[in-house]
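*Asks:* Just add 398 to wherever you are in the sequence shown, counting from 1, and you've got the working numbering.
By construction, the Cβ of each residue, glycine as well, lies at the ideal position given by its N, Cα and C atoms.
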Amino acid sequence: MKKNSKGYVCKVCGYRSPIKLGKCPNCGSWDSFEEVEFVEESELTKPIPIEEKTADFLQDRIKTGVEEFDRVLGGGIVRGSSVLIGGEPGIGKSTLLLQVAGIIAQKEKVLYVSGEESYSQIKMRADRLGISSKNLYVFTEQDINNIIVTINQEKPLLVVIDSIQTMTSQDIEGSPGGLNQVRESTRIFTQIAKKSGMSVILVGHVTKEGTLAGPKTVEHIVDGVFYLEGSRNDVTRLFRSVKNRFGTTNEAGIFEMQEKGLVGVKDPAIEFVSQNGNLPIGSAITASLEGTLPIFFEVQALVTPTYFPIPRRVANGIEY
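1) If Val697 sits next to Ser681, beta carbons under 8 Å apart, how far is it from one beta carbon to the other, in whole angstroms?
2) Just to confirm the assignment, what range does the beta strand (DSSP E) spanning Gly500 have?
3) Can you tell me which of the three DSSP states Thr615 falls into?
4) Mind checking which residues open and close the beta strand (DSSP E) that includes Thr548?
5) Report the CB separation of Ser597 from Ser492 in whole angstroms; it is logged as a contact under 8 Å.
6) Are the CB atoms of Leu626 and Leu494 nearer to each other than 8 Å?
7) What number of angstroms, rounded off, separates the C-alpha of Leu509 from the C-alpha of Thr548?
8) With H, G and I counted as helix, E and B as strand and the rest as coil, what does DSSP make of Met399?
9) Do the CB positions of Val663 and Glu669 come within less than 8 Å of each other?
10) Taking just the CA atoms, how far does Lys641 sit from Val620?
11) What's the call for Ile599, buried or exposed, on a 16-neighbour Cβ count within 10 Å?
12) Using a Cβ-Cβ cut-off of 6 Å (strictly less than) and excluding sequence neighbours within five positions of Val407, which residues of its own chain qualify?
13) With H, G and I counted as helix, E and B as strand and the rest as coil, what does DSSP make of Ser594?
14) My assumption, with CB atoms under 8 Å, is that Ile652 sits in contact with Glu466. Please give the rounded CB distance.
15) Pull up the distance between the alpha-carbon of Pro416 and that of Thr538, whole angstroms please.
16) Pick out whichever of Val410, Pro487 and Phe431 has its Cα sitting closest to the Cα of Lys606.
17) Specify, as a first and last residue, the run of the beta strand (DSSP E) that Ser430 falls within.
18) Excluding the five sequence neighbours on either side, which residues of its own chain have a C-beta within less than 7 Å of the C-beta of Leu534, listed in chain order?
19) Using a threshold of 8 Å, state whether the C-beta atoms of Arg635 and Gly490 are closer than that.
20) Go through its chain and collect everything with a Cβ distance to Gly572's Cβ below 7 Å, but skip five positions before and after it.
21) Helix, strand or coil for Lys641, going by three-state DSSP, please let me know.
22) When you compare the CB positions of Ser724 and Gly715, do they come within less than 8 Å of one another, or not?
23) Take Val470 as the anchor and find which of Gly412, Gln540, Gly575 and Phe624 has the nearest alpha-carbon.
24) For the beta strand (DSSP E) that Asp560 lies in, which residues bound it at each end?
25) With distances taken from CA atoms, which of Pro666, Arg711 and Lys418 is nearest Asp541?
26) If you compare alpha carbons, which of Glu582, Gly485, Thr566 and Pro707 is closest to Val616?
27) What are the residues that DSSP puts in a beta bridge with Pro692?
28) Please report how far the alpha carbon of Ile708 lies from the alpha carbon of Leu700, in whole angstroms.
29) Using a 10 Å radius around the Cβ and a threshold of 16 neighbouring Cβ atoms, would you call Ser686 buried or exposed?
30) When DSSP builds the beta bridges, which residues end up paired with Leu626?
31) Helix, strand or coil: how does DSSP classify Lys404 here?
32) Would Leu677 be called buried (16 or more neighbouring beta carbons within 10 Å of its own) or exposed?
33) May I ask you to report which of helix, strand or coil DSSP gives Ile652?
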(Lines of atoms letter the chains of each structure in order from A; the text may use other names.)
(Lines give C-alpha, C1' and ligand atoms only; values in the text may rest on other atoms or scores of the structure.)
Protein backbone atom coordinates (compact mmCIF):
# COMPACT_ATOMS: atom_id res chain seq x y z
CA MET A 399 0.00 0.00 0.00
CA LYS A 400 1.33 3.43 -0.94
CA LYS A 401 1.51 6.12 1.72
CA ASN A 402 1.82 9.88 1.21
CA SER A 403 3.57 12.05 3.77
CA LYS A 404 5.00 15.54 3.79
CA GLY A 405 8.49 16.33 4.91
CA TYR A 406 11.71 18.07 3.97
CA VAL A 407 14.60 16.94 1.79
CA CYS A 408 18.09 18.36 1.38
CA LYS A 409 18.61 19.72 -2.15
CA VAL A 410 22.33 18.88 -1.95
CA CYS A 411 22.46 15.27 -0.73
CA GLY A 412 18.81 14.14 -0.55
CA TYR A 413 18.72 13.69 3.26
CA ARG A 414 15.14 13.39 4.53
CA SER A 415 13.75 15.01 7.68
CA PRO A 416 10.22 15.27 9.14
CA ILE A 417 10.93 18.93 10.07
CA LYS A 418 12.85 21.71 8.37
CA LEU A 419 16.45 21.92 9.57
CA GLY A 420 18.76 24.88 9.25
CA LYS A 421 21.81 22.68 8.63
CA CYS A 422 21.84 19.26 6.98
CA PRO A 423 23.27 16.69 9.46
CA ASN A 424 24.44 14.52 6.55
CA CYS A 425 26.34 16.92 4.24
CA GLY A 426 26.56 20.04 6.41
CA SER A 427 24.82 22.35 3.92
CA TRP A 428 22.96 25.34 5.32
CA ASP A 429 19.42 26.36 4.29
CA SER A 430 19.19 23.49 1.81
CA PHE A 431 15.88 21.90 2.87
CA GLU A 432 12.68 22.22 0.85
CA GLU A 433 9.23 20.82 1.56
CA VAL A 434 8.21 17.81 -0.51
CA GLU A 435 5.59 15.07 -0.45
CA PHE A 436 6.97 11.59 -0.02
CA VAL A 437 5.16 8.72 -1.75
CA GLU A 438 6.51 5.45 -0.55
CA GLU A 439 5.53 1.88 0.11
CA SER A 440 4.52 1.30 3.70
CA GLU A 441 6.46 -1.49 5.32
CA LEU A 442 4.57 -4.54 6.51
CA THR A 443 5.66 -5.55 9.97
CA LYS A 444 5.44 -9.10 11.22
CA PRO A 445 4.01 -10.04 14.60
CA ILE A 446 6.72 -10.92 17.13
CA PRO A 447 6.23 -13.26 20.11
CA ILE A 448 6.27 -11.15 23.26
CA GLU A 449 8.91 -13.39 24.88
CA GLU A 450 11.49 -12.45 22.26
CA LYS A 451 11.36 -8.80 23.27
CA THR A 452 10.68 -9.12 26.98
CA ALA A 453 14.10 -10.47 27.99
CA ASP A 454 16.02 -7.65 26.28
CA PHE A 455 13.51 -5.00 27.32
CA LEU A 456 13.72 -5.74 31.03
CA GLN A 457 17.52 -5.59 31.02
CA ASP A 458 17.76 -2.46 28.86
CA ARG A 459 17.83 0.16 31.62
CA ILE A 460 20.36 2.84 32.44
CA LYS A 461 21.39 2.76 36.09
CA THR A 462 22.03 6.31 37.27
CA GLY A 463 23.61 5.40 40.60
CA VAL A 464 21.15 7.66 42.46
CA GLU A 465 19.30 4.93 44.36
CA GLU A 466 16.09 6.83 45.17
CA PHE A 467 15.86 8.13 41.60
CA ASP A 468 16.36 4.66 40.09
CA ARG A 469 13.87 3.05 42.47
CA VAL A 470 11.07 5.51 41.68
CA LEU A 471 11.67 5.09 37.93
CA GLY A 472 11.33 1.32 38.31
CA GLY A 473 14.99 0.31 38.28
CA GLY A 474 16.60 2.97 36.10
CA ILE A 475 15.96 4.87 32.89
CA VAL A 476 14.63 2.71 30.06
CA ARG A 477 16.59 3.15 26.82
CA GLY A 478 14.57 4.92 24.16
CA SER A 479 12.15 6.40 26.68
CA SER A 480 11.08 9.99 27.31
CA VAL A 481 10.55 11.16 30.89
CA LEU A 482 9.04 14.43 32.11
CA ILE A 483 10.06 15.77 35.53
CA GLY A 484 8.12 18.72 36.94
CA GLY A 485 8.53 20.91 39.97
CA GLU A 486 8.41 24.47 41.24
CA PRO A 487 11.26 26.88 40.42
CA GLY A 488 14.23 26.45 42.75
CA ILE A 489 13.10 23.07 44.09
CA GLY A 490 16.18 21.24 42.76
CA LYS A 491 15.19 19.73 39.39
CA SER A 492 18.28 21.00 37.57
CA THR A 493 20.53 19.98 40.46
CA LEU A 494 19.16 16.43 40.55
CA LEU A 495 19.40 15.94 36.78
CA LEU A 496 22.92 17.38 36.63
CA GLN A 497 23.89 14.82 39.29
CA VAL A 498 22.28 12.03 37.24
CA ALA A 499 23.96 13.26 34.05
CA GLY A 500 27.34 13.47 35.79
CA ILE A 501 27.18 9.88 37.05
CA ILE A 502 26.09 8.42 33.69
CA ALA A 503 28.79 10.47 31.94
CA GLN A 504 31.45 8.51 33.81
CA LYS A 505 30.86 5.72 31.26
CA GLU A 506 28.61 7.07 28.50
CA LYS A 507 28.13 10.30 26.56
CA VAL A 508 25.46 12.67 27.93
CA LEU A 509 24.13 15.90 26.38
CA TYR A 510 22.74 18.48 28.82
CA VAL A 511 20.71 21.10 26.91
CA SER A 512 19.79 24.26 28.82
CA GLY A 513 17.49 26.96 27.52
CA GLU A 514 17.52 28.89 30.79
CA GLU A 515 21.11 29.07 32.04
CA SER A 516 24.46 29.96 30.54
CA TYR A 517 27.40 27.58 30.31
CA SER A 518 29.22 29.37 33.16
CA GLN A 519 26.21 29.01 35.48
CA ILE A 520 25.95 25.28 34.80
CA LYS A 521 29.73 24.93 35.21
CA MET A 522 29.56 26.64 38.63
CA ARG A 523 26.87 24.20 39.79
CA ALA A 524 28.82 21.24 38.43
CA ASP A 525 31.94 22.35 40.33
CA ARG A 526 29.90 22.71 43.52
CA LEU A 527 28.51 19.19 43.07
CA GLY A 528 31.95 17.77 42.27
CA ILE A 529 30.98 16.78 38.72
CA SER A 530 33.74 16.49 36.15
CA SER A 531 33.61 14.31 33.03
CA LYS A 532 34.76 14.59 29.42
CA ASN A 533 31.61 12.72 28.36
CA LEU A 534 29.24 15.38 29.74
CA TYR A 535 28.47 17.98 27.07
CA VAL A 536 26.65 21.22 27.92
CA PHE A 537 24.69 22.89 25.12
CA THR A 538 22.98 26.24 25.79
CA GLU A 539 20.38 26.40 23.04
CA GLN A 540 16.64 26.92 22.58
CA ASP A 541 16.24 26.20 18.86
CA ILE A 542 15.04 22.63 18.34
CA ASN A 543 16.57 22.36 14.87
CA ASN A 544 20.06 23.13 16.19
CA ILE A 545 19.55 20.67 19.05
CA ILE A 546 18.54 17.90 16.62
CA VAL A 547 21.65 18.50 14.53
CA THR A 548 23.82 18.29 17.67
CA ILE A 549 22.11 15.09 18.83
CA ASN A 550 22.72 13.46 15.43
CA GLN A 551 26.37 14.48 15.55
CA GLU A 552 27.17 13.53 19.16
CA LYS A 553 24.84 10.49 19.47
CA PRO A 554 24.57 10.60 23.29
CA LEU A 555 23.04 7.87 25.44
CA LEU A 556 21.06 10.42 27.46
CA VAL A 557 19.75 13.90 26.62
CA VAL A 558 18.47 16.29 29.30
CA ILE A 559 16.26 19.17 28.09
CA ASP A 560 16.04 21.96 30.70
CA SER A 561 13.36 23.04 30.17
CA ILE A 562 10.78 22.01 27.58
CA GLN A 563 8.96 25.36 27.98
CA THR A 564 12.02 27.22 26.65
CA MET A 565 12.35 25.14 23.47
CA THR A 566 11.18 26.74 20.24
CA SER A 567 11.14 26.21 16.48
CA GLN A 568 10.23 28.52 13.62
CA ASP A 569 8.52 25.56 11.95
CA ILE A 570 5.98 25.29 14.78
CA GLU A 571 3.16 27.80 15.06
CA GLY A 572 2.75 29.75 18.28
CA SER A 573 4.94 31.74 20.61
CA PRO A 574 7.80 30.16 22.63
CA GLY A 575 6.38 28.47 25.72
CA GLY A 576 2.90 28.38 24.19
CA LEU A 577 0.68 25.31 24.14
CA ASN A 578 1.47 24.33 20.55
CA GLN A 579 5.23 24.86 20.91
CA VAL A 580 5.41 22.80 24.12
CA ARG A 581 3.30 19.95 22.73
CA GLU A 582 5.14 19.67 19.41
CA SER A 583 8.56 20.03 21.05
CA THR A 584 7.71 17.16 23.39
CA ARG A 585 6.50 15.04 20.49
CA ILE A 586 9.66 15.67 18.45
CA PHE A 587 12.04 14.75 21.28
CA THR A 588 9.98 11.65 22.10
CA GLN A 589 10.11 10.50 18.46
CA ILE A 590 13.88 10.99 18.39
CA ALA A 591 14.21 8.87 21.54
CA LYS A 592 12.11 6.02 20.11
CA LYS A 593 13.94 5.92 16.79
CA SER A 594 17.50 6.33 18.07
CA GLY A 595 17.30 4.31 21.30
CA MET A 596 18.68 7.14 23.41
CA SER A 597 16.78 8.35 26.48
CA VAL A 598 15.39 11.86 26.94
CA ILE A 599 14.59 13.60 30.24
CA LEU A 600 12.47 16.73 29.91
CA VAL A 601 12.25 19.31 32.68
CA GLY A 602 8.80 20.90 33.02
CA HIS A 603 7.57 23.97 34.85
CA VAL A 604 4.49 23.78 37.07
CA THR A 605 1.65 26.25 37.53
CA LYS A 606 0.65 27.85 40.83
CA GLU A 607 -1.92 25.05 41.19
CA GLY A 608 0.93 22.50 41.17
CA THR A 609 0.19 20.97 37.75
CA LEU A 610 2.55 20.85 34.78
CA ALA A 611 2.45 23.94 32.60
CA GLY A 612 1.33 23.32 29.03
CA PRO A 613 -1.30 21.13 27.38
CA LYS A 614 -2.43 17.94 29.10
CA THR A 615 -1.50 15.99 25.97
CA VAL A 616 2.18 16.41 26.90
CA GLU A 617 1.70 13.92 29.74
CA HIS A 618 0.18 11.43 27.29
CA ILE A 619 3.09 11.74 24.85
CA VAL A 620 5.90 10.91 27.27
CA ASP A 621 6.52 7.53 28.92
CA GLY A 622 6.77 8.81 32.48
CA VAL A 623 5.74 11.83 34.54
CA PHE A 624 7.42 12.55 37.86
CA TYR A 625 7.29 15.40 40.36
CA LEU A 626 9.95 16.81 42.66
CA GLU A 627 8.16 18.50 45.54
CA GLY A 628 9.02 20.30 48.74
CA SER A 629 9.43 23.70 50.32
CA ARG A 630 12.30 26.00 49.45
CA ASN A 631 12.47 26.84 53.15
CA ASP A 632 13.14 23.19 54.01
CA VAL A 633 15.85 20.74 52.92
CA THR A 634 13.50 17.79 52.34
CA ARG A 635 12.36 16.87 48.82
CA LEU A 636 9.78 14.27 47.77
CA PHE A 637 10.26 12.61 44.37
CA ARG A 638 7.09 10.78 43.30
CA SER A 639 5.72 9.02 40.25
CA VAL A 640 2.48 10.09 38.56
CA LYS A 641 2.78 8.08 35.34
CA ASN A 642 5.24 5.30 34.51
CA ARG A 643 4.84 2.95 31.55
CA PHE A 644 7.78 0.87 32.73
CA GLY A 645 7.10 0.67 36.46
CA THR A 646 4.65 1.31 39.25
CA THR A 647 3.19 4.70 40.10
CA ASN A 648 3.05 3.72 43.77
CA GLU A 649 6.62 4.78 44.45
CA ALA A 650 8.13 7.81 46.12
CA GLY A 651 11.63 8.75 47.19
CA ILE A 652 12.92 11.17 49.82
CA PHE A 653 15.90 13.45 49.22
CA GLU A 654 17.71 15.98 51.35
CA MET A 655 19.19 19.11 49.80
CA GLN A 656 22.78 19.40 50.96
CA GLU A 657 25.83 21.37 49.85
CA LYS A 658 26.87 18.56 47.49
CA GLY A 659 23.39 18.25 45.98
CA LEU A 660 20.39 16.02 46.64
CA VAL A 661 21.14 13.02 48.85
CA GLY A 662 18.73 10.12 49.29
CA VAL A 663 17.29 9.54 52.76
CA LYS A 664 17.95 5.93 53.79
CA ASP A 665 15.38 5.69 56.61
CA PRO A 666 12.50 8.10 55.92
CA ALA A 667 10.29 6.34 58.48
CA ILE A 668 12.07 8.13 61.35
CA GLU A 669 13.53 11.12 59.49
CA PHE A 670 10.88 13.57 60.71
CA VAL A 671 10.53 12.40 64.32
CA SER A 672 12.51 13.58 67.35
CA GLN A 673 15.24 11.08 68.17
CA ASN A 674 15.42 11.62 71.92
CA GLY A 675 12.25 9.61 72.54
CA ASN A 676 10.60 12.34 74.63
CA LEU A 677 7.93 14.27 72.77
CA PRO A 678 7.48 17.87 73.95
CA ILE A 679 4.10 19.13 75.08
CA GLY A 680 1.82 19.88 72.12
CA SER A 681 3.44 17.29 69.86
CA ALA A 682 1.97 14.20 68.23
CA ILE A 683 3.21 11.57 65.78
CA THR A 684 1.20 10.62 62.71
CA ALA A 685 1.90 8.12 59.92
CA SER A 686 1.55 8.60 56.17
CA LEU A 687 2.03 6.27 53.22
CA GLU A 688 3.62 7.74 50.08
CA GLY A 689 3.21 4.91 47.59
CA THR A 690 4.99 2.00 49.28
CA LEU A 691 7.04 4.33 51.48
CA PRO A 692 5.91 4.63 55.14
CA ILE A 693 6.73 7.99 56.72
CA PHE A 694 6.21 9.16 60.30
CA PHE A 695 5.71 12.86 60.98
CA GLU A 696 5.92 14.83 64.17
CA VAL A 697 3.23 17.52 64.31
CA GLN A 698 3.65 20.34 66.81
CA ALA A 699 0.95 22.79 67.89
CA LEU A 700 1.42 26.06 69.78
CA VAL A 701 -1.44 28.12 71.21
CA THR A 702 -0.91 31.72 72.30
CA PRO A 703 -3.26 34.52 73.41
CA THR A 704 -4.48 36.83 70.64
CA TYR A 705 -5.58 40.43 70.50
CA PHE A 706 -7.64 39.87 67.36
CA PRO A 707 -11.44 39.53 67.69
CA ILE A 708 -11.28 36.28 65.69
CA PRO A 709 -8.48 33.75 66.43
CA ARG A 710 -6.18 32.98 63.53
CA ARG A 711 -4.61 29.65 62.58
CA VAL A 712 -1.20 29.56 60.93
CA ALA A 713 0.30 26.37 59.46
CA ASN A 714 3.87 25.72 58.40
CA GLY A 715 4.79 22.58 56.48
CA ILE A 716 1.29 21.12 56.64
CA GLU A 717 -1.98 21.62 54.75
CA TYR A 718 -5.17 21.84 56.77
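*Replies:* The short version:
1) On the sequence shown, position 299 is the one that residue 697 refers to. On the sequence shown, position 283 is the one that residue 681 refers to. With 8 Å as the limit, Val697 and Ser681 qualify as a contact, their Cβ atoms being about 7 Å apart.
2) Residue 500 sits at position 102 when you count from the first residue of the sequence shown. Segment Lys491 to Ile502 is the alpha helix (DSSP H) holding Gly500; no beta strand (DSSP E) there.
3) The sequence position of residue 615 within the sequence shown is 217, counting from 1. Helix at Thr615.
4) Within the sequence shown, numbered from 1, the residue matching residue 548 stands at position 150. Not the beta strand (DSSP E): Thr548 falls in the alpha helix (DSSP H), residues Ile542 to Glu552.
5) If you number the sequence shown from 1, residue 597 lands on position 199. If you number the sequence shown from 1, residue 492 lands on position 94. Actually they are not in contact, since the Cβ atoms of Ser597 and Ser492 sit about 18 Å apart, beyond 8 Å.
6) The count along the sequence shown starts at 1 and reaches residue 626 at position 228. The count along the sequence shown starts at 1 and reaches residue 494 at position 96. A contact, by the Cβ cut-off of 8 Å.
7) Counting from one through the sequence shown, the residue named residue 509 turns up at place 111. Counting from one through the sequence shown, the residue named residue 548 turns up at place 150. Distance between the alpha carbons of Leu509 and Thr548 is about 9 Å.
8) By one-based count along the sequence shown, residue 399 stands at place 1. Because Met399 sits at a pLDDT of 40, beneath the cut-off of 50, its placement in the model cannot be relied upon, and the point is left open.
9) Within the sequence shown, residue 663 is the residue found at index 265, counting from 1. Within the sequence shown, residue 669 is the residue found at index 271, counting from 1. Closer than 8 Å, so yes.
10) Counting from one through the sequence shown, the residue named residue 620 turns up at place 222. Counting from one through the sequence shown, the residue named residue 641 turns up at place 243. Val620 and Lys641: Cα-Cα distance of roughly 9 Å.
11) To locate residue 599, count along the sequence shown from 1; it is residue 201. Under a 10 Å Cβ-count criterion, Ile599 is classified as buried, with 16 or more other Cβ atoms of the shown protein chains found around its own Cβ.
12) The sequence position of residue 407 within the sequence shown is 9, counting from 1. Within the same chain, Val407 has close Cβ partners Arg414 and Val434.
13) Counted from its first residue, the sequence shown places residue 594 at position 196. Looking at Ser594 - three-state DSSP - the assignment turns out to be helix.
14) Taking the sequence shown and counting its residues from 1, one reaches residue 652 at position 254. Taking the sequence shown and counting its residues from 1, one reaches residue 466 at position 68. Beta-carbon to beta-carbon, Ile652 and Glu466 are separated by about 7 Å, close enough to satisfy the 8 Å threshold.
15) On the sequence shown, position 18 is the one that residue 416 refers to. On the sequence shown, position 140 is the one that residue 538 refers to. When rounded, the distance between both Cα atoms is 24 Å.
16) Locating residue 606 in the sequence shown gives position 208, where the first residue counts as 1. Looking at the Cα atoms, Pro487 is the closest of the given residues.
17) Numbered from 1 along the sequence shown, position 32 holds the residue referred to as residue 430. Per DSSP, Ser430 belongs to no beta strand (DSSP E) and is neither H nor E.
18) By 1-based counting over the sequence shown, the position of residue 534 is 136. The answer, listed in chain order, is Ala499, Gly500, Ala503, Val508 and Tyr510.
19) Position 237 of the sequence shown, counting from 1, holds the residue named residue 635. Position 92 of the sequence shown, counting from 1, holds the residue named residue 490. A contact, by the Cβ cut-off of 8 Å.
20) Position 174 of the sequence shown, counting from 1, holds the residue named residue 572. Counting only Cβ-Cβ distances below 7 Å, and skipping sequence neighbours, we find Asn578 and Gln579.
21) Indexing the sequence shown from 1 puts residue 641 at position 243. Lys641: strand per DSSP, three-state reduction.
22) The structure shown does not extend to residue 724, since the chain spans only 399 to 718, so no value can be given for it.
23) For the purposes of this step, residue 470 is identified with residue 72 of the sequence shown, where counting begins at 1. Residue Phe624 is the option with its Cα nearest to Val470.
24) Within the sequence shown, residue 560 is the residue found at index 162, counting from 1. Segment Leu556 to Asp560, the beta strand (DSSP E) holding Asp560.
25) Taking the sequence shown and counting its residues from 1, one reaches residue 541 at position 143. Here the closest residue by C-alpha is Lys418.
26) In the sequence shown, counting from the first residue as 1, residue 616 sits at position 218. The shortest Cα separation from Val616 among Glu582, Gly485, Thr566 and Pro707 belongs to Glu582.
27) As a position in the sequence shown, residue 692 is number 294, starting the count at 1. Note: Pro692 is bridge-paired with Leu687 in the DSSP secondary-structure output.
28) Working through the sequence shown from its first residue, we reach residue 708 at position 310. Working through the sequence shown from its first residue, we reach residue 700 at position 302. When rounded, the distance between both Cα atoms is 17 Å.
29) Here residue 686 is taken as the residue at index 288 of the sequence shown, counted from 1. Per the 10 Å Cβ criterion, exposed.
30) Position 228 of the sequence shown, counted from the first residue, corresponds to residue 626. In DSSP, Leu626 forms a bridge with Phe637.
31) The residue given as residue 404 occupies position 6 in the sequence shown. If DSSP states are grouped into helix, strand and coil, Lys404 belongs with the strands.
32) Position 279 of the sequence shown, counting from 1, holds the residue named residue 677. Label assigned to Leu677: exposed.
33) On the sequence shown, residue 652 is found 254 positions in, with the first residue counted as 1. Of the three classes helix, strand and coil, the one that applies to Ile652 here is strand, per DSSP.
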